[in-house]
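In terms of our numbering, the numbers along the sequence shown are unbroken and rise by one, the last being 1180.
C-beta: ideal position from N, C-alpha, C; glycine also.
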Amino acid sequence: MACGGRFDATRFGDGVTFRDASFLSGGFEGAANFGRARFGGAASFDGAWLSQPPQVDQAGAAADGGHAWPAGTTVRRLDDDWLLLVGR
């Protein structure tokens, strides 16, 4: 993602894929809903803040990605290749 990129009032439907996604020091106002997104490569939310816990509906992430998830994210191992992000 380019420096300073924004997703103002953006919704991601089922099937969105992020590869090597970085949301460093990003802010999520309101509910961050990752739905059934797939995070391939590394996903980093290092220093990001969320005004509410993230909403997920079985979003997945590559198990070997070395991810940095935001606070409030619950992650479970699905199998050898994928992690499963689940809601509270």
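With 16 other Cβ atoms within 10 Å as the buried cut-off, status of residue i
i: T1109; result: exposed
i: V1148; result: buried
i: A1123; result: exposed
i: A1153; result: buried
Residue i in three-state terms, based on DSSP
i: T1109; result: strand
i: A1135; result: coil
i: Q1147; result: strand
i: L1142; result: strand
For residue i, the nearest candidate out of the options (CA to CA)
i: T1166; options: F1131, P1145 and S1136; result: P1145
i: H1159; options: A1140, G1133, D1173 and D1172; result: G1133
i: S1136; options: W1174, G1164 and G1157; result: G1157
Paired residues, beta bridge with residue i - DSSP
i: L1176; result: G1152 and R1168
Neighbour flag for residue i against chain B, beta carbons, 7 Å
i: T1109; result: Looking for chain B here will not work: only one protein chain is present.
Contact set for residue i: own chain, Cβ-Cβ below 6 Å, skip 5 residues either direction
i: N1125; result: Q1147
Close beta carbons around residue i, own chain, < 7 Å, minus the five adjacent residues each side
i: A1155; result: R1169, D1172, D1173, W1174 and L1175
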